[in-house]
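Colleague: There's a structure below that I have some questions on.
There are 4 protein chains.
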Amino acid sequence: MALLTGDEYVESLKALSPEVYIRGQRVDKVWDHPLLHQTVNHIRANFDRAADPANGGKYTVRSPLTGEDVARVQMHIQASMDDVLTKARLTREISSQQICSGCMSNMLSVTWAMVHDVDQAHGTDYHSRFRDYVAGLQKGGKVIAWGMMDPKGNRKLRPHQQDPPTDLRVVEQKPDGIVVSGAKVHTTFGPAAHEFVAVPCRALGPEDKDFAVSFAVPIDTPGLKLIARPSPGPARQTEMESPLSSKFLGVEAMSIFDNVFVPWERVFMCGQWQQAGNLPLYFASLHRQSKCACSAGHADLFAGAAALVARANGLSENSGHIREKITDMIMAAETAFGCAMGAAVEGQIHPSGVFMPNASIANCGLNHIRSTLGDHLAALQDIGGGLVTTMPTEADWQNPALRPYIERHLAAGPGYSTEDRLRALNLCQDLAASRLTGTILGFTVNAAGSSETNRLVARVMYDLESRINMAKDLAGITSRA
Amino acid sequence: MALLTGDEYVESLKALSPEVYIRGQRVDKVWDHPLLHQTVNHIRANFDRAADPANGGKYTVRSPLTGEDVARVQMHIQASMDDVLTKARLTREISSQQICSGCMSNMLSVTWAMVHDVDQAHGTDYHSRFRDYVAGLQKGGKVIAWGMMDPKGNRKLRPHQQDPPTDLRVVEQKPDGIVVSGAKVHTTFGPAAHEFVAVPCRALGPEDKDFAVSFAVPIDTPGLKLIARPSPGPARQTEMESPLSSKFLGVEAMSIFDNVFVPWERVFMCGQWQQAGNLPLYFASLHRQSKCACSAGHADLFAGAAALVARANGLSENSGHIREKITDMIMAAETAFGCAMGAAVEGQIHPSGVFMPNASIANCGLNHIRSTLGDHLAALQDIGGGLVTTMPTEADWQNPALRPYIERHLAAGPGYSTEDRLRALNLCQDLAASRLTGTILGFTVNAAGSSETNRLVARVMYDLESRINMAKDLAGITSRA
Amino acid sequence: MALLTGDEYVESLKALSPEVYIRGQRVDKVWDHPLLHQTVNHIRANFDRAADPANGGKYTVRSPLTGEDVARVQMHIQASMDDVLTKARLTREISSQQICSGCMSNMLSVTWAMVHDVDQAHGTDYHSRFRDYVAGLQKGGKVIAWGMMDPKGNRKLRPHQQDPPTDLRVVEQKPDGIVVSGAKVHTTFGPAAHEFVAVPCRALGPEDKDFAVSFAVPIDTPGLKLIARPSPGPARQTEMESPLSSKFLGVEAMSIFDNVFVPWERVFMCGQWQQAGNLPLYFASLHRQSKCACSAGHADLFAGAAALVARANGLSENSGHIREKITDMIMAAETAFGCAMGAAVEGQIHPSGVFMPNASIANCGLNHIRSTLGDHLAALQDIGGGLVTTMPTEADWQNPALRPYIERHLAAGPGYSTEDRLRALNLCQDLAASRLTGTILGFTVNAAGSSETNRLVARVMYDLESRINMAKDLAGITSRA
Amino acid sequence: MALLTGDEYVESLKALSPEVYIRGQRVDKVWDHPLLHQTVNHIRANFDRAADPANGGKYTVRSPLTGEDVARVQMHIQASMDDVLTKARLTREISSQQICSGCMSNMLSVTWAMVHDVDQAHGTDYHSRFRDYVAGLQKGGKVIAWGMMDPKGNRKLRPHQQDPPTDLRVVEQKPDGIVVSGAKVHTTFGPAAHEFVAVPCRALGPEDKDFAVSFAVPIDTPGLKLIARPSPGPARQTEMESPLSSKFLGVEAMSIFDNVFVPWERVFMCGQWQQAGNLPLYFASLHRQSKCACSAGHADLFAGAAALVARANGLSENSGHIREKITDMIMAAETAFGCAMGAAVEGQIHPSGVFMPNASIANCGLNHIRSTLGDHLAALQDIGGGLVTTMPTEADWQNPALRPYIERHLAAGPGYSTEDRLRALNLCQDLAASRLTGTILGFTVNAAGSSETNRLVARVMYDLESRINMAKDLAGITSRA
């Protein structure tokens, strides 16, 4: 049962009636809205990949929680170095095909560790609830929307100082549950999920304890509103024009909680401000290691698209600057992937059983590849040529009066038809000259934390003092200052 | 008469009926089509800027051809170092406001020089025709579409070897004129122009002499078809969401010539293959110097937008990494602008009277700033934050049921309303996460020639042998190898 | 016996009388020559590190060949992922203290694999000889000089086409052995070694079979001449001025073989040109993985020295640009080290039993850190300040008439004396403004192969075709071209 | 008389007896000391260049102060845009031959402007004294040592707070002059100068007024002690080995003033703390513009050396990565030189008559080229190959027993002898793998102010507020915050 097919997933959405808005309008049927097409399709592809027997279990793993196979990248709590290595390889592969691998297992794993910490520190019993909750997700083949980032309002004030409060918090504790209000931002794919899981996004002080809250609710819980931003792909149906963004990637949403009730069995933290900072800490290690592999997949996709358009243009991927630019893409991919693997080797087991990669290596590898992305996008346009932004559109090609002109004047390289060439150019356009470009850039720059946070992690984790002492020894300095 | 207002320009379009296609459909009224709105508006703004008496002649210059004031950036043949310096300053300013300054004077100037070369070499009399033609443009306040780049077909074959031919060429010479067929690509703003000017795009051999052709025709000449690609901005009317791309930048087109007749008085070159290569040579010098200033303007815009969104987010443009990233934008702008000015100083007068900037400095300055663009776009998203790609849309904001939630949870920094913040974020989105992003990247990467051509010019113009000899002298080597 | 102390090593040199030249003069006593002081001391330190019981076996490993402990980095054939991970950690540590870890085990391991390949392909029995030879080295605690790179003469000709031949080759085969002539370049530390091991440096064709030769000879074998270039450190004794280069790093030599006889039991390859290219192939994988860790150690040293001089100058390592530059050093180190570990994880066992790291990751990680070195050296001078190149010398400080002036005017930051500050500045000077700087740069740029070879390996190992096919699938292209 | 020959200059040194120390020893004859050989020779070359009639006045200009020709780069107060452009061209050329052009005219020009400011603000009469002083230098063909940078002691304290004081200051005012004590650091070529000119190095407050002092004294004034650091070149005579550093570049010194008396007619500022900051301000504009051209010359030298060694190695400067790396050098040179010229065009006349280049462009251009230097040095070693750091030395080559081996095994490319190749390699070694490397790096990183100061100038001079307002207008924001 855990491995739903894509169709079963879509069918399951019909049982839910979340309060979703898009372009200001309330969405009636999530599974059948032109601006949610890509969102639903993206998740559907993940289900099909795991469920397809032809894949021979490549994308699944036997869950110790349920004894059943579950989708590794979406569902499994990572518990060993091998788990981490295997997931990184799959993440790279899937991301090279649809940009985002839907790595919700990362979110579940970091929450797993933080909730365990809460229990250890406070003698509470949240972790068994969370374990049961994850087991339920795995059994039901559920998709979660992840609510981590608070809007934060005025950046110079702490959460409890915001007036009125902007961030998600407990507003009432009742015998049977809690009531929460506030907002979370950056809820990727949220409208097409079954569940919403909330966690804190930063270290908190005692006055912020109401903001130290983690819980899960069904996506259509009363009071939960999702204001969604259209996915980067087109609303209209196209066949050639946006090959990737017409099928994949989805909406981002701002999630509003207006006095939402959560029963205690779905509460995983409530007031333990001391552990709130652990969540982003584990996220910085575990998710960024994963993102090294994810970004490597993007570079793989760029390399393939660049070489393809070179050929379709009648040039070789092995000549001059084209070769060098593709080599740069390859090397960025391999360096980031190498760091993903290296971070796994240098990682360790968290007391909760989650395997935590080495945060320093993961952040350094990620920072390296993210700093190359702008160059790769530019290279795709460079190799594709000016036509990437000036070629006729699909509708022109479909017009029989125009097609002969286009066919003739945009003749392609050996072995390629003009239509092939237009398709290759459109792939470059989709990646490097469309709204998707902005999404890819956003995924690279801001998702999983910005470059500044990478630098901070590297700096904080590094034992500089021991290197200073080594330098003193070499120089013959005895000062201890 | 030469300085039309924007309204007069729009009115003038009504007298023309060019054969324009967009998304596969024939366009009826260029001046009133939702997908040509930005194109027309962009040009209109250029007219208004020059014609507005409040600008005190800042954007105009007295043309020696007509004795009347003309728009400097669009119309004037540059004839002195001061012309070049002044135009570069204006280009930087205008490009910082609407990305593209409409620098058609560059195209006219390089054609001016090449046509002069043709006459000098062949004893022909094309240059007086071209002079008259330019004077006519200036008197009439005409906009030209520029057709330089041929589609080139199979890159490994010369123009005359393409079968069937892809590039624009003379197919018949008649007593009263010539007949041309073929295509030009990358016709920016073409549908909203009055005239089409064609020039060769590369060095040609004797077998390619039919491709050595330059001429002008009215935009609605029979047989000329423009297949336009929608501008990067939205088709629907928006107020907040795409502040720049909803107003400026326009369509790109592929221009088809299907047996178009050109009377001799509008032919400026016909068969003189020896001079064809001079056009791209002069273009590489003159237009790239201009583009240094243009790109500097883009970096100015990025710097302003980045500092604005930092403030609207409640942060300071002077703190930490934000300051450093804005400083990088500033330095890219100043370096490119410095090279624009330096290329002017090191330039010289072409025998035709056109002032040619130093090509090496211009190409090096341009290559420097273009290599930084990816970083600036990433920095805009970084400083803007994740909301750049995840914030609610304008329609959500206009929905009274949603606005209070957005208002509260996306509260802005001191002195800014939530709406201000959304507007600042939308400016960043328009620049760094929209189809406009792809256009800006395309302008940077491919327009006016790619980075490889910059490198080629720098290498070819450099006297390496003299530096090798200097190194030999220093090292005490007498070998002449 | 295998773990000699440093003193025992020096003593052992007295039994050898190699033909060594330095600055044109024949060296009499290698162990007592002012220009070989650092060379001998560098190796001595490696012996002491392994032999010192206080290190608790950290630097040793039980050799399966001898059943005795041997120095891991210098002697052990790496046979497992753990071997690789452990060696990488040690290499980073040692290189951070003396730049070069003396990683001769890399050279022995790649030769081990190639010789095994020879036997597999040709049914020969060289590998048992090499095994015995390595066991003998391990038992005797011998140091090898490594001769891989041939001079190559005219780069456009193959080895057998050089006239006269420049590269090392077999000139005669005799019943009891072979006679070799030619040269090897870049023999690091050679004069202070006990043995010389020669291997081929590139793929060879059948006509080049005489150049397909591998063997070992005692360093003082008749006919072997070493022309050594002084180490980067000073010849005169200094205490403060060159803290690192006065103690460590050594001579490079050009090794001439003038009809040198090698008995068959010390020949490991003779004419099997088909396997010659395997040596550089394995070297590119195994040694470059090691060099990632080595370069990480250099960045660690730079980070420590930079933070130290900041403090000694009265500034903090945590302020402004100093912090950012040190963070860059840290991130370069962690990225390279991460790739070293990742390359180990993605490696595999060669049939000979040698564990081969993943070459692509190793080359990409190395290329990344090597591309940052110039910036780090510049940063050391930047943080140190102008005094790094303008401060008074040690002799000035020792002059009692000058010291009070220096003491007063070069007062240091809190907790540091002027002498401490001079020492910290001198460490920066030694690293970033001395002949050692050139050596470090050379180690980074050319040792273990240049950046171009890194790029080549990454390109060749990458499955680009599969990514092109993926791009075709996404774009909807069926062409197989 | 103003244009001394090199020999006349050396002769003139014999009349002086400065108190110079080098390696702790008092120097007796500056003109005849092995460690001052390069220092004297460097200056001698500047004299010969200007005095040589064969140069047709290229390096001289008629001084308005004396009516006589003076060396432009060393002596002339720059008074027009043409002066700046001409000097930049000469600076680039000379720096490409001997690294440092001896641009003392920059120092005189900025002092000229600051002293003028003092008079304007305080009604004093220092400027006429300085004018006379400069006229005297020009008439006598005098060389100045420039003392600008104070040691600064504890960086967190102001000059008057240092205890004891470290910086140069007035300790007594007398009827006939002032007495000064303290130190200046980074006195380049000081021991071989005739005069010492001191100026303040930073903005000062009223309590620091004693440090606001500018004056000139003969180099052998009692109480002035120069502690010199040997030049980067060798002390021993070589012919091949250090082709550049054996002839050019010289000592750096720390200059101690121990109660030195200065008569009023040689005092140019005394206590006017308000104008002290103008000196570094003008320096940041004028000297950095000059340094753009100087650094361009270095890149020219690197390009020539790289192409030469490629040829001598038997490769072409036009193949593969060699071509790209040389192109990078060329482009760095042209970009910096372009900014030097652009800064001149955008400059303006200071009220004192000095032409001040645009500081923003100058700093941006300088920062660009300085950020490329590490890469160029690495490229020189890369193109030269490992032999740059491992080849035999000159003495080996001179040994008849070794030469035949070297001759044969280090055979060179077509048209080059082995000796030619060694010479080319030695030039690379001198530039990229010697103590000179550290000096070049130091000149690039720290001389004329560090990269951080470039960034500061660019930031401070930029009108960011106007760009923020433009962004507000585009976005439709009316907030004035």
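Protein chains in written order, with our numbering: chain A, 24 to 504; chain B, 24 to 504; chain C, 24 to 504; chain D, 24 to 504.
Even glycine gets a Cβ: it sits at the ideal position worked out from N, Cα and C.
#1: Assuming contact is defined by CB atoms lying nearer than 8 Å, are B:Thr-189 and A:Arg-431 in contact in what I supplied?
#2: Just checking: is the beta-carbon of A:Tyr-82 within a distance shorter than 8 Å of some beta-carbon in chain C?
#3: Contact defined as beta carbons within less than 8 Å: I believe D:Phe-280 pairs with D:Val-203. What is the distance between those atoms, to the nearest angstrom?
#4: What whole-angstrom Cβ distance do D:His-373 and D:Ala-136 have, given they're in contact under 8 Å?
#5: How many Å lie between C:Ser-502 and A:Arg-72 at the Cα?
#6: I need the DSSP call for C:Ser-132, collapsed to helix, strand or coil.
#7: Looking at D:Val-138: is its Cβ nearer than 8 Å to the Cβ of D:Phe-284?
#8: Which parts of the segment 362-427 of chain A are runs of the alpha helix (DSSP H), unbroken and 4 residues or longer, counting only runs that do not cross its ends?
#9: In three-state terms, what does DSSP make of D:Leu-26?
#10: Within 8 Å, do at least three Cβ pairs link the segment 114-129 of chain B to the segment 181-188 of chain B?
#11: Rounded to whole angstroms, what is the Cα-Cα separation between C:Ala-38 and C:Ile-45?
#12: Taking DSSP's pairing of strands, which residues face A:Leu-324 in a bridge?
#13: Taking any Cβ of chain D, which residues in the segment 167-181 of chain C have a Cβ under 8 Å from it, in chain order?
#14: Please compile the residues from chain B whose C-beta is within a distance smaller than 8 Å of the C-beta of A:Ala-455.
#15: List, in chain order, every chain C residue whose beta-carbon is nearer than 8 Å to that of D:Gly-409.
#16: Just grab the DSSP bridge partners of A:Gly-200 for me.
#17: With 8 Å as the threshold, decide whether the Cβ of B:Asn-422 is near any Cβ in chain A.
#18: If A:Ala-111 sits next to A:Ala-363, beta carbons under 8 Å apart, how far is it from one beta carbon to the other, in whole angstroms?
#19: Should the segment 334-351 of chain B be regarded as contacting the segment 336-343 of chain D, the criterion being three or more beta carbon pairs within less than 8 Å?
#20: Could you tell me which chain C residues have their CB closer than 8 Å to the CB of A:Val-368, listed as they occur along the chain?
#21: Would you check if there are 3 or more beta carbon pairs closer than 8 Å linking the segment 237-245 of chain B to the segment 304-314 of chain B?
#22: Enumerate in chain order the residues of its own chain whose CB-to-CB distance from C:Leu-27 is below 8 Å, with the five nearest sequence positions on each side excluded.
#23: Mind checking whether D:Phe-378 and D:Gln-101 have CB atoms under 8 Å apart?
#24: I'd like the span of the alpha helix (DSSP H) that includes C:Glu-475, first residue to last.
#25: Enumerate in chain order the residues of its own chain whose CB-to-CB distance from C:Thr-253 is below 8 Å, with the five nearest sequence positions on each side excluded.
#26: Given 7 Å as the limit, tell me if C:Val-283 has its C-beta closer than that to any heavy atom belonging to the ligand ADP.
#27: What's the C-alpha gap between B:Ile-384 and D:Leu-459?
#28: Our contact map puts B:Cys-293 next to B:Ile-392 with C-beta atoms below 8 Å; I'd like the distance itself, whole angstroms only.
#29: Can you tell me whether B:Lys-232 is buried or exposed, with buried defined as 16 or more other CB within 10 angstroms of its CB?
#30: Give the residues of chain B in contact with D:Gln-295, contact being defined as C-beta atoms less than 9 Å apart.
#31: Output needed for D:Asn-422: all residues of its chain with C-beta closer than 8 Å, excluding positions within five of it in sequence on either side, in chain order.
Modeller: Judging by the given coordinates:
#1: In this structure, A:Arg-431 lies closer than 8 Å to B:Thr-189 by Cβ.
#2: Residue-level contact by beta carbon fails for A:Tyr-82 and chain C, as no gap is shorter than 8 Å.
#3: Confirmed, about 5 Å.
#4: The pair is a contact, with the Cβ atoms about 5 Å apart (cut-off 8 Å).
#5: Put simply, the backbone Cα of C:Ser-502 is about 25 Å away from that of A:Arg-72.
#6: Residue state, collapsed to three classes: helix.
#7: No, they are not a contact pair.
#8: Taking only runs of at least 4 residues, the alpha helix (DSSP H) segments lying wholly in the segment 362-427 of chain A are 382-407, 410-413, 417-421.
#9: Correct three-state label for D:Leu-26: coil.
#10: Touching, no.
#11: C:Ala-38 and C:Ile-45: Cα-Cα distance of roughly 20 Å.
#12: Residue pairing by DSSP leaves A:Leu-324 without any beta bridge partner.
#13: Residues Met-172, Pro-174, Gly-176, Asn-177, Arg-178, Lys-179.
#14: Residues of chain B whose Cβ lies closer than 8 Å to the Cβ of A:Ala-455 are, in chain order, Gly-461, Leu-464.
#15: In chain order: Met-172, Val-208, His-209, Gly-465, Asn-469, Ala-470.
#16: When beta bridges are read from the DSSP output, A:Gly-200 appears opposite A:Lys-197, A:Pro-286.
#17: So yes, B:Asn-422 belongs to the interface.
#18: In this structure, A:Ala-111 and A:Ala-363 form a Cβ contact; the two beta carbons are roughly 5 Å apart against a cut-off of 8 Å.
#19: Taking a cut-off of 8 Å on C-beta distances, the segment 334-351 of chain B does not touch the segment 336-343 of chain D, as fewer than three cross pairs fall below it.
#20: In chain order: Leu-108, Met-364, Gly-365, Ala-367, Val-368.
#21: By the C-beta criterion, the segment 237-245 of chain B is judged not to be in contact with the segment 304-314 of chain B, since fewer than 3 inter-stretch pairs fall below 8 Å.
#22: Residues Ser-35, Phe-70, Ala-74, Gly-164 of the same chain have their beta carbon placed closer than 8 Å to that of C:Leu-27, with the five preceding and five following residues left out of the count.
#23: Against a cut-off of 8 Å, the Cβ pair of D:Gln-101 and D:Phe-378 comes out as a contact.
#24: Under the DSSP assignment, C:Glu-475 falls in the alpha helix (DSSP H) whose first and last residues are 474-484.
#25: The residue asked about is misnamed: residue 253 of chain C is Pro in this sequence, not Thr. Non-local beta-carbon contacts of C:Pro-253 in its own chain, meaning distances under 8 Å to residues more than five positions away in sequence, involve Ile-45, Arg-46, Leu-58, Val-274 in chain order.
#26: Although the ligand ADP was asked about, the structure shown includes no ligands whatsoever.
#27: Computed Cα separation, rounded: 29 Å.
#28: About 38 Å; that fails the 8 Å criterion.
#29: Under this definition B:Lys-232 is a buried residue.
#30: Neighbours of D:Gln-295 on chain B: none; closest Cβ ~31 Å, over 9 Å.
#31: In the same chain as D:Asn-422, and ignoring 5 residues on each side of it, no C-beta atom comes closer than 8 Å to its own.
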